[in-house]
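Note sheet for the following structure.
Residue numbers (our numbering): 417 to 501.
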């Protein structure tokens, strides 16, 4: 299954490690450091230059998406998996 992150960007749900609200970017020093290193190493992809609401960590890249983390989680089926447990 693929998850549409906005624009013309889609990723395989198997590659997704985590989906975060953009507010998490400021929450912890370790998160800020991770994103800084990812950007320095060229692993960051900004889907929409105008607005980002979430970021998605995959095993290859970090995507900043204009779509909310809740919507992306629904698209990925993460919430359904949690409800079944």
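By construction, the Cβ of each residue, glycine as well, lies at the ideal position given by its N, Cα and C atoms.
Opposing strand residues paired with residue i [DSSP bridges]
i: residue 474; result: 432
i: residue 481; result: 470
i: residue 422; result: 425
i: residue 437; result: 470
Host beta strand (DSSP E) of residue i (start-end)
i: residue 453; result: It is not in any beta strand (DSSP E) - residue 453 instead sits in the alpha helix (DSSP H) that spans 445–456.
i: residue 463; result: Neither: residue 463 is in no beta strand (DSSP E) and is coded neither H nor E.
Which listed residue (the options) has its alpha carbon closest to that of residue i
i: residue 454; options: 424, 482, 473; result: 473
i: residue 469; options: 458, 457, 486, 418; result: 486
i: residue 439; options: 489, 484, 491; result: 484
i: residue 477; options: 488, 423, 428; result: 428
Contact with chain C by residue i, beta-carbon distance below 7 angstroms
i: residue 459; result: The structure shown contains no chain C; it is built from a single protein chain.
### Query
Okay, do the segment 421–436 and the segment 449–458 touch, 3+ Cβ pairs below 8 angstroms being the bar?
No: the two stretches stay apart, fewer than three of their Cβ pairs being nearer than 8 angstroms.
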